[in-house]
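Worksheet: one structure, shown below.
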Amino acid sequence: MLVGYALIATIVTLVAAIDWNRDQNGDWAADCDFPGNDIANKQTDGPSCSAFCRSVSGCTQYAYYQGVCYAKSGGLGRNNAVYKQGVICGINNPPGNTGGSCQCSPGECLSQWGYCGTTADYCGNGCKCGACFGTTPPPPQGSGLYGYSVDSYWSAIKSLNGGVDRSVAQAFYDQVQSHTDLFPKPLHIAMLLAHIMQETSFTATREYCVQDGTCYSYPASAYQPWVGRGFMQLTGQDNYSKLQQFSGVDVTSSCGLNWGACDKVATDINLNWVSSMFVWSWSVSDPLVQQGYFGKSVQIQNGGFECGSGSNLQAGQTRLNYYHTALSALGLPGDQYGLQYCQ
Ligand SMILES: *[C@@H]1O[C@H](CO)[C@@H](O)[C@H](O)[C@H]1NC(C)=O
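Under mature numbering (1 follows the signal peptide of the UniProt record, and there is no 0), residues -17 to -1, 1 to 326 are what the sequence shown spells out, in order.
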């Protein structure tokens, strides 16, 4: 028994020995090496070794030892590294993965955003190499967040509601660019578009008003005149005050059903989008939503009505379908979580 324990302990030590880090240049670890495959070397300091490798044609991984950086070829991955005390080794993130074989570990996939993993986010649509499944649409070519352009947003919005004007997508583009922190993954763009489709179909009418601008005083609402406005139906004086803090724009100084500062949320397309970003910020601050659980954002956006034992399950399914439509229109991998965490 004692021998067995010692053996297991040794194996665990060996397996755990290489402790990988990841930064914008790729993977690196202390006490590891890629023996052989040297194509060039140079005296550098440790942090510059990755940059030296990138400057050498064909270099895909490197080792740094006692002031010298060794550039190496072969497209090797984490699993090819060996434990070697005092050496730093690294794998450069492939600009376009020029290094030959895939630089993720066996079974992993390189996503179109340059990260290794095993789920649909990595191996689904857009997967560059490794154990890819599904189709591979070309990555978006625009200059906005995640490569999206105004027109990529417009076609995604039109896949939900075909009648939306391009100026709506232009204003969305502008607001995404100034709130990139609200979209930690590309799929969060699809989530917000799905919620808006469900709430207002991208028509910014006031609650209790019709599209020609006529407003009715019924049904009586405790919220009047702070009724739902904008794509995400901002409602209640308190929320308008918070939007004012979020945006720095006066949306409270006077307020009537179809006039005053509050009404700009319905009539000014940019402010409308800011209000939608603001309401969305409540959802995306949740760790589960950040991980990609649309269901959790449904729960935050609209309570438990749309899932579990809620009273409007059909609405939850519709919302989920909109999300799937938006994902696909944005060229993103399919959703695998459904309405998990919606209750
Ligand atoms: C605004 O605030 C109230 C609570 O005061 C909340 O119940 C409501 O759903 C909020 N949502 C929006 C989108 O205005």
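Just so you know, even glycine gets a beta-carbon here, dropped at the ideal spot from N, CA and C.
Once DSSP output is grouped into helix, strand and coil, what is the label at D104? helix
At the level of alpha carbons, what is the spacing between G69 and Y48? 7 Å
Is any non-hydrogen atom of ligand 1 found closer than 7 Å to the C-beta of V262, if you look at the structure I gave you? yes
Can you list, in chain order, the residues of its chain with a C-beta nearer than 8 Å to that of S142? Leave out the 5 residues immediately preceding and following it. T308, A309, S311 and A312
Identity of the residues DSSP links to R5 by a beta bridge: D10
Confirm the yes/no value for this check: CB of Q326, any heavy atom of ligand 1, distance under 7 Å. no
Separation of W11 from Q230, as counted between CA atoms: The question names Gln, but residue 230 in the sequence shown is Ser. So the alpha carbons of these two residues sit roughly 41 Å apart.
Taking the Cβ atom as the reference point for each residue, do P255 and V262 lie within a distance shorter than 8 Å? Sequence inspection shows Asn at residue 255; the Pro mentioned does not correspond to that position. Contact flag unset, no.
Identity of the residue in E289, Y305, Q274 and N144 nearest A298 by Cα: E289
Keeping to the same chain, check which residues put their C-beta closer than 8 Å to that of I283; ignore five residues upstream and five downstream. W265, S266, D269 and V272
Between G219 and ligand 1, is the CB less than 7 Å from at least one heavy atom? yes
Assign A309 to one of three DSSP states: helix, strand, or coil. helix
contact_flag[the stretch 98 to 112, the stretch 136 to 150] where n(CB pairs < 8 Å) is 3 or more: no
Could you pull the start and end residues of the alpha helix (DSSP H) that N253 belongs to? I252 to V267
Report the rounded CA-to-CA distance for I1 versus S56, giving the unit in angstroms. 20 Å
Quick one: Cα of S150 to Cα of T250, how far? 13 Å
Start-to-end residues for the alpha helix (DSSP H) that takes in C32: C32 to S38
Could you check whether the Cβ of N222 sits closer than 7 Å to any heavy atom belonging to ligand 1? yes
So, for I74: in the same chain, excluding its five sequence neighbours on each side, which residues have a beta-carbon less than 6 Å away from its beta-carbon? G9, D10, Q44 and Q86
Regarding M215 and ligand 1, is the C-beta to nearest heavy atom distance less than 7 Å? yes
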